[in-house]
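A.B. asks: Structure provided below as structure tokens; questions to follow.
Number of protein chains: 6
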Amino acid sequence: MSDLVSDFNSYRSKMNDKILSGDNKVIKRIFNLDTNAFKEGHLDVKTKELLGLVASAVMRCDDCVKYHLEGCKKAGLTKEQVMESLSIATLVGGTIVIPHLRRAYEYWELLENQ
Amino acid sequence: MSDLVSDFNSYRSKMNDKILSGDNKVIKRIFNLDTNAFKEGHLDVKTKELLGLVASAVMRCDDCVKYHLEGCKKAGLTKEQVMESLSIATLVGGTIVIPHLRRAYEYWELLENQ
Amino acid sequence: MSDLVSDFNSYRSKMNDKILSGDNKVIKRIFNLDTNAFKEGHLDVKTKELLGLVASAVMRCDDCVKYHLEGCKKAGLTKEQVMESLSIATLVGGTIVIPHLRRAYEYWELLENQ
Amino acid sequence: MSDLVSDFNSYRSKMNDKILSGDNKVIKRIFNLDTNAFKEGHLDVKTKELLGLVASAVMRCDDCVKYHLEGCKKAGLTKEQVMESLSIATLVGGTIVIPHLRRAYEYWELLENQ
Amino acid sequence: MSDLVSDFNSYRSKMNDKILSGDNKVIKRIFNLDTNAFKEGHLDVKTKELLGLVASAVMRCDDCVKYHLEGCKKAGLTKEQVMESLSIATLVGGTIVIPHLRRAYEYWELLENQ
Amino acid sequence: MSDLVSDFNSYRSKMNDKILSGDNKVIKRIFNLDTNAFKEGHLDVKTKELLGLVASAVMRCDDCVKYHLEGCKKAGLTKEQVMESLSIATLVGGTIVIPHLRRAYEYWELLENQ
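Residue numbers (the numbering used here), protein chains in the order written: chain A, 1 to 114; chain B, 1001 to 1114; chain C, 2001 to 2114; chain D, 3001 to 3114; chain E, 4001 to 4114; chain F, 5001 to 5114.
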């Protein structure tokens, strides 16, 4: 696994554990909701992961983009489908999204090559 | 047709005409891209309209939400699918999205009743 | 009660009822969390309402500002404390916050006069 | 003068007076800075007003856009220069800026016709 | 002192000196206002630092979060109070705030351990 | 050339090539529009680069700020003109812009020294 992918996941996992070991119920419930919201419902998992990806991209959160790129990969979405979603994010969110598009492209390549 | 729906569409249409009657090529091309980006491609129109809806909701643009709610309705999406998409937007974008969720719900009802 | 205050609250209440009558659990839980997060805990209600107010102001959500202004009023905060919080929001969030500051000031006056 | 223009200015003026009649020094100084920042310096007033306009447009603040459109008009900028600036704002900020572009176009027309 | 804390502070200090050595009065006054706004007034320093922290978190600025975490530490706020404030930021600002919550948690631990 | 400048440009160039080698027409056209929008028109290149810089700064995108700082340098703008533009960005966008102002100042110095 590439360093960028494993570093991202191990830091994420380590800090989530610390945060969830505290007594803050609001944070725990938000983390819990995040898991539930992306499960199959009236929409399938593929569509939901793309919704999470586009929301993350227009709000320009690299870590959130990475997280949903991993979800997209696991759900079986293709590179073309992911890029088409990101093109909508770039159009709606503007050229300010482009630096995040570059990093998303790089991360997707790493996920494909591992 | 409800006043809210027809007022939104007539103002939108009138101002778009004025803006596009000018000589600014960048604006014309962006308007043109907006039409192309939501056509069927590697993803179907339903998925793309939901992506546009969620991007609009997390960026908290009521007019953009209305525009994509109309697209969702035309594409044949159900109320449950639209609300599930908006629940993801509210989770990712935070409770700050809730006032827009209220207005989106109201606008969807108007679209269903016309 | 001023029209602006009663209109805001009746619309808010009517739409919340409609949204919560649906089957979307993620939205219901987010609404529920919103109630819990602002209850007394390690911080008192006054401080929490000011935190909600400043978060709403820098993210420039008028409805959220109104909602927390009402919370501030009920919690017994003074006009000076509210304005001092909003001055921090204007400094951190920039002059782009000023139009929301004007509407916040107007709404606070209405709350004081009713 | 059109109602939209005069209403905007009289509300703005009335609320600014109220806000500045309070004792909050941070807010007073921010208002004061706003006046100073747009005076001629290493850049001329025209350029500065366009900078204020584009900043307001990408942050999607209608009232701030109106305020700087008035500044642009007073500084002698042409419709073509204003629209070219707004085209950059729409490209950088994305199609989410378009509803604000419509209202900016309408307001500019009102300013030209009075 | 941890490298992360000392690197942040030395870079911040070095660049502030350079910026303030220039002739730009608007920037100098904004820096000055930032110092004044967080002094005791109608609200105490603890409350103000939490307001600065939450504003920084919902606007997702890691450096600003670090700056106010240091202010919170100096003002004598507890970890529980800081985390409760950040839980409000995460609820209001959405799950997009979570990556910043992770880095805030890490930085607070470093401050506690030095 | 400084490492920071050359690293930024080589990564940017490498990833742009990869992204543009794909089949996504929307992304290609947005990249193309970005080149056209900043060419001389009703406004000169200097003014347009400053507009791009301020839009990037208030939306807090470091990579976009760097890109337009390079454009400003090539267009012959002075440090004083760039800093004056960034002071407007800091006033309109708030103190949340300051960390980006530090990195912008550092990058401009690197561009001047190469």
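Each residue gets a CB set at the ideal place from its N, CA and C atoms; glycine is no exception.
Should G5076 of chain F be labelled buried (16 or more other beta-carbon atoms within 10 Å of its own) or exposed?
C.D. replies: exposed
A.B. asks: Would you list, in sequence order, the uninterrupted alpha helix (DSSP H) runs of no fewer than 4 residues that lie entirely inside the segment 5054-5080 of chain F?
C.D. replies: The segment 5054-5080 of chain F contains, as complete alpha helix (DSSP H) runs of 4+ residues, the segments 5062-5074 (chain order).
A.B. asks: Check whether the Cβ atoms of F2031 of chain C and E2049 of chain C lie closer than 8 Å to each other.
C.D. replies: No.
A.B. asks: Would you check if there are 3 or more beta carbon pairs closer than 8 Å linking the segment 2060-2068 of chain C to the segment 2098-2105 of chain C?
C.D. replies: yes
A.B. asks: As a quick exercise: from B:Q1114, B:I1019, B:S1085, B:V1045, pick the residue whose alpha carbon is nearest that of E3084 of chain D.
C.D. replies: Nearest in C-alpha terms to E3084 of chain D, of all of B:Q1114, B:I1019, B:S1085, B:V1045, is B:I1019.
A.B. asks: Taking only beta-carbon positions, decide if S3021 of chain D is within less than 8 Å of chain C.
C.D. replies: no
A.B. asks: List, from N- to C-terminal side, the alpha helix (DSSP H) runs of 4 residues or more that fit wholly inside the segment 3-45 of chain A.
C.D. replies: 3-20, 25-37
A.B. asks: Determine which residues of the segment 2025-2039 of chain C have a Cβ less than 9 Å from any Cβ of chain A, and write them out in chain order.
C.D. replies: K2025, V2026, R2029, I2030, N2032, L2033, N2036, A2037
A.B. asks: What are the start and end residues of the alpha helix (DSSP H) that includes I98 of chain A?
C.D. replies: 98-113
A.B. asks: Taking only the alpha-carbon atoms, compute the straight-line gap between F4008 of chain E and E4070 of chain E and give it to the nearest angstrom.
C.D. replies: 11 Å
A.B. asks: CB-CB under 6 Å to Y5107 of chain F, same chain, minus the five flanking residues each way: which ones, in chain order?
C.D. replies: K5066, L5069
A.B. asks: Exposed or buried, which one is T2123 of chain C when buried takes at least 16 other CB atoms within 10 Å?
C.D. replies: Coverage of chain C is limited to positions 2001 through 2114, which leaves residue 2123 of chain C absent and any answer about it impossible.
A.B. asks: From the DSSP output, in three-state form, read off G4052 of chain E for me.
C.D. replies: helix
A.B. asks: For G2093 of chain C, which residues in the same chain have their Cβ closer than 6 Å to its Cβ, ignoring the five residues on either side in sequence?
C.D. replies: Hits under 6 Å: V2058.
A.B. asks: Which of the three DSSP states is assigned to G5093 of chain F in this structure?
C.D. replies: helix
A.B. asks: Counting only beta-carbon atoms, is H100 of chain A nearer than 8 Å to chain B?
C.D. replies: no
A.B. asks: Roughly how many whole angstroms lie between the Cα atoms of G22 of chain A and S56 of chain A?
C.D. replies: Roughly 26 Å between the two C-alpha positions.
A.B. asks: Comparing C-alpha positions only, which one of F:I5088, F:K5079, F:R5060 sits nearest to T5111 of chain F?
C.D. replies: This sequence places Leu at residue 5111 of chain F; Thr is not what is there. Looking at the Cα atoms, F:K5079 is the closest of the given residues.
A.B. asks: CB R29 of chain A to CB L2033 of chain C, shorter than 8 Å?
C.D. replies: yes
A.B. asks: Residues in the segment 2069-2090 of chain C with C-beta within 9 Å of chain B's C-beta atoms, listed in sequence order?
C.D. replies: none
A.B. asks: Rank C:I2096, C:M2015, C:Q2081, C:N2016 by C-alpha distance to the C-alpha of L2051 of chain C and give the top, closest one.
C.D. replies: C:Q2081
A.B. asks: Give me, in chain order, the residues of the same chain whose beta-carbon lies closer than 8 Å to that of S2002 of chain C; leave out the 5 immediate sequence neighbours on both sides.
C.D. replies: Closer than 8 Å at Cβ, skipping near neighbours: L2110, N2113, Q2114.
A.B. asks: For the segment 3001-3013 of chain D, which residues have a beta carbon sitting closer than 9 Å to at least one beta carbon of chain C?
C.D. replies: Y3011, R3012
A.B. asks: On the CB-based measure, 16 or more other CB atoms within 10 Å of its CB, does S87 of chain A come out buried or exposed?
C.D. replies: buried
A.B. asks: Could you work out which residues of chain I lie near K3018 of chain D, taking near to mean beta carbons separated by less than 7 Å?
C.D. replies: The chain inventory of the structure shown lacks chain I, comprising the protein chains A, B, C, D, E and F.
A.B. asks: How many angstroms separate the CA atom of T5047 of chain F from the CA atom of L53 of chain A?
C.D. replies: T5047 of chain F and L53 of chain A: Cα-Cα distance of roughly 35 Å.
A.B. asks: Apart from the five residues on each side of it in sequence, which residues of its chain come closer than 7 Å, Cβ to Cβ, to E4040 of chain E?
C.D. replies: none
A.B. asks: Give the residues of chain A in contact with T4047 of chain E, contact being defined as C-beta atoms less than 8 Å apart.
C.D. replies: Neighbours of T4047 of chain E on chain A: none; closest Cβ ~19 Å, over 8 Å.
A.B. asks: CA-CA distance, K4014 of chain E and I4027 of chain E?
C.D. replies: 16 Å
A.B. asks: Once you ignore the five residues that flank I1096 of chain B on each side, which residues in its own chain have a CB closer than 8 Å to its CB?
C.D. replies: Cβ neighbours of I1096 of chain B within its own chain (closer than 8 Å, five residues either side excluded): R1060.
A.B. asks: Quick one: which chain E residues come within Cβ less than 7 Å of V1092 of chain B?
C.D. replies: G4094, T4095, I4096
A.B. asks: Taking CB distances under 8 Å as the criterion, tell me whether C2063 of chain C reaches chain B.
C.D. replies: Looking at the sequence itself, residue 2063 of chain C is Asp, so the reference to Cys does not match. Closer than 8 Å: yes.
A.B. asks: Output yes if chain B places a C-beta closer than 8 Å to the C-beta of L110 of chain A; else output no.
C.D. replies: Not one beta carbon of chain B lies nearer than 8 Å to the beta carbon of L110 of chain A.
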